Amino acid sequence: MLLATDVHRHFEGMHAVDGVSLEVPRGQITGLIGPNGAGKSTFMAVLAGTMPATKGTFVFDGRDVTRMPAYRRARLGLVRTFQLSSEFARLTVLENLLVAAPRHRGESLLGALLGPGYWLADERRIVGEARRLLKRFGMSAKESDYAGNMSGGQKRLIEIMRALMLHPRCLLLDEPMSGVHPRVADEIQGYLHDLRRDGLTILMVEHELHFVEQLCDSVFVMAQGKLIGSGTMASLRRQQEIVDAYLVG
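Numbering of the sequence shown is given in the working numbering, commencing with residue 1 and proceeding in unit increments.
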């Protein structure tokens, strides 16, 4: 589904990403792990197009997207979430989902001029889709609450649901369990299992290795901007270089 080849990202001489090549198989959850400062989040930003690569190529579902900006990659189905939750605090939970919906006829000058008769059917369709997601993620009772008042785990769920409103084919998750209560983290794990069963391809950066072991079909390891290993978590634990770099303890 996603192929990155010889990807570099330099910052004034610092090689944050240094020649990384990896392949994300279709319909699987692929993990990306490594110590703090390994370059994982930078690599995810470059994959999504929110940060330009210094060098390298990206192919998404057979199409070269190397020179595409982030919004065009998202329209093709390559969608990311962020390490820090980025909800619209003064919008309701439902409104946070609605702002992500693509191709709403009311969000145009023509729609504003023609009025509800032109865009009301779109509005009803999108609200229905958002409410189905809220029900699936156990958040229906919160739809009218302000997103800024939600817990850390609920904000993570909002971010994942908002990404799903874009109908992704490959979802890039940056530490979805970070700062989340263990009970909610278990819920997120269950939702991600369900999304994989639905056929969604996921690349996930995560520090909680027991979730990586339970969720991911394969795992890549980064350290100091380089890819230093790949395989299952069980096989990675047997590689001394990986253990020395990250997995000790």
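Cβ atoms here follow ideal geometry from the backbone N, Cα and C, with glycine treated the same way. Predicted model, so just to flag it, every value in this text is computed and none were measured.
> When DSSP labels each residue in this structure, what does Val248 get in the three-state scheme?
Replying inline: The sequence position of residue 248 within the sequence shown is 248, counting from 1. Summary for Val248: the model assigns pLDDT 47, below 50, so the residue's position carries little reliability; its value from the coordinates is reported in the next sentence. The answer is coil: DSSP assigns Val248 none of H, G, I, E or B.
> Do Phe60 and Leu78 come within 7 Å of each other at the CB atom, strictly closer than that value?
Replying inline: Mapped onto the sequence shown, residue 78 falls at position 78. Mapped onto the sequence shown, residue 60 falls at position 60. Against a cut-off of 7 Å, the Cβ pair of Phe60 and Leu78 comes out as a contact.
>> Let me make sure I understand the geometry here. Which of Asn36, Val7, Gly117 and Ser41 has the alpha-carbon closest to that of Thr66?
In response: The count along the sequence shown starts at 1 and reaches residue 66 at position 66. The shortest Cα separation from Thr66 among Asn36, Val7, Gly117 and Ser41 belongs to Val7.
> For Val79, which of helix, strand or coil comes out of DSSP?
Replying inline: Within the sequence shown, numbered from 1, the residue matching residue 79 stands at position 79. Strand at Val79.
> Mind checking whether Val180 and Gly148 have CB atoms under 7 Å apart?
Replying inline: Along the sequence shown, one-based indexing puts residue 180 at 180. Along the sequence shown, one-based indexing puts residue 148 at 148. No, they are not a contact pair.
>> Using a 10 Å radius around the Cβ and a threshold of 16 neighbouring Cβ atoms, would you call Pro168 buried or exposed?
In response: Against the sequence shown, residue 168 aligns to sequence position 168. Looking at its Cβ environment, which holds 16 or more other Cβ atoms inside 10 Å, Pro168 is buried.
> When you compare only the Cα positions, how much space is there between Phe137 and Leu172?
Replying inline: Locating residue 137 in the sequence shown gives position 137, counting from the first residue. Locating residue 172 in the sequence shown gives position 172, counting from the first residue. When rounded, the distance between both Cα atoms is 19 Å.
> Where do the ends of the beta strand (DSSP E) carrying Met14 lie?
Replying inline: For the purposes of this step, residue 14 is taken as residue 14 along the sequence shown, with counting starting at 1. It spans Met14 to Val24 - the beta strand (DSSP E) in which Met14 sits, taken as one unbroken run.
>> According to DSSP, is Asn6 part of a helix, a strand, or is it coil?
In response: Within the sequence shown, numbered from 1, the residue matching residue 6 stands at position 6. Strictly speaking, residue 6 in this sequence is Asp, with Asn absent from that position. Strand, per DSSP.
> Tell me which same chain residues have a C-beta within less than 7 Å of the C-beta of Gly49, skipping the five on either side of it?
Replying inline: Residue numbering aside, residue 49 sits at position 49 when the sequence shown is read from its first letter. The residues are Met68, Pro69, Ala70 and Arg73.
> Do Ile242 and Val212 have their C-beta atoms within less than 7 Å of each other?
Replying inline: On the sequence shown, position 242 is the one that residue 242 refers to. On the sequence shown, position 212 is the one that residue 212 refers to. No, they are not a contact pair.
>> Can you list, in chain order, the residues of its chain with a C-beta nearer than 6 Å to that of Val248? Leave out the 5 residues immediately preceding and following it.
In response: Position 248 of the sequence shown, counted from the start, is the residue given in the question as residue 248. The predicted model places Val248 with a pLDDT of 47, which falls under 50 and marks its position as unreliable; any figure quoted below should be read in that light. So no residue of the chain qualifies.
> What runs of the beta strand (DSSP E), each 3 residues or longer, lie entirely inside the segment 152-186?
Replying inline: 170-174
>> With DSSP as the reference, identify every bridge partner of Val205, one or two as the case may be.
In response: As a working mapping, residue 205 is identified with position 205 in the sequence shown. Answer is Leu32 and Asp174.
> If Glu143 sits next to Leu134, beta carbons under 8 Å apart, how far is it from one beta carbon to the other, in whole angstroms?
Replying inline: Here residue 143 refers to the residue found at position 143 of the sequence shown. Here residue 134 refers to the residue found at position 134 of the sequence shown. 5 Å between Cβ atoms; contact.
>> If you reduce the DSSP assignment to three classes, tell me which class Gly117 lands in.
In response: On the sequence shown, residue 117 is found 117 positions in, with the first residue counted as 1. Of the three classes helix, strand and coil, the one that applies to Gly117 here is helix, per DSSP.
> Roughly how far, in whole angstroms, is the beta-carbon of Leu192 from the beta-carbon of Ile202, given that I think they are within contact range, below 8 Å?
Replying inline: Here residue 192 is taken as the residue at index 192 of the sequence shown, counted from 1. Here residue 202 is taken as the residue at index 202 of the sequence shown, counted from 1. Between Ile202 and Leu192 the Cβ distance is about 7 Å, and since that is below 8 Å, they are a contact.
> DSSP three-state call for Arg63: helix, strand or coil?
Replying inline: Taking the first residue of the sequence shown as position 1, residue 63 is located at position 63. DSSP places Arg63 in strand when its eight states are reduced to three.
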